[in-house]
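So the structure is just underneath, and the comments pick up after that.
Set out below in structure tokens:
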């Protein structure tokens, strides 16, 4: 199916989301830092990125220009409240077209991934 990159600093989230997506026949790479994410984006064919906002080495939203450059669809994930996330996005002066608030259900995750994979349109 799709090659999905999950960028998240929470080891539990990485493991759970990787297991879920692999169960649905996706290939999944997991990284926990911006540095690792940049390397994966450049060196690997990625079909979709799940991008956490707050990472140990910086702001996950700073990857959006690279994702746009490589036309890689993505959606942002965050444990922030919707209000706080939208405020944070606005402060960063980036355009985020789609996001998923944590915690989310398996069904919600699979629906979100399917929307992006099936559309083949960079988000």
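Numbering (the working numbering), first residue to last: 13 to 135.
We put the beta carbon where it would ideally sit given N, CA and C, even for glycine.
Note that this is a predicted model, so its numbers are computed, not measured.
Taking a C-beta distance under 8 Å as the contact criterion, residue 58 and residue 15 qualify as a contact pair. Per DSSP, residue 44 lies in no beta strand (DSSP E) and is assigned neither H nor E. Given a length threshold of 4 residues, each whole run of the alpha helix (DSSP H) inside the stretch 60-108 is given here in chain order: 76-81, 94-104. At a Cβ-Cβ threshold of 8 Å, residue 38 and residue 87 do not count as neighbours. Contact between residue 106 and residue 66 is absent: CB atoms are separated by about 14 Å, not below the 8 Å threshold. Taking the Cβ atoms as the reference, residue 125 lies roughly 7 Å from residue 33, within the contact range of under 8 Å.
C-alpha of residue 97 to C-alpha of residue 62: approximately 15 Å in a straight line. Counted as a single uninterrupted DSSP element, the stretch harbouring residue 129 is not any beta strand (DSSP E) but the alpha helix (DSSP H) occupying residues 118-131. In this structure, 112 is the residue among 112, 108, 121 with its C-alpha nearest to the C-alpha of residue 93.
Taking residue 108 as reference, the option from 36, 99, 18, 115 with the minimal CA-CA separation is 99. By the neighbour-count definition (other C-beta atoms within 10 Å, threshold 16), residue 118 is an exposed residue.
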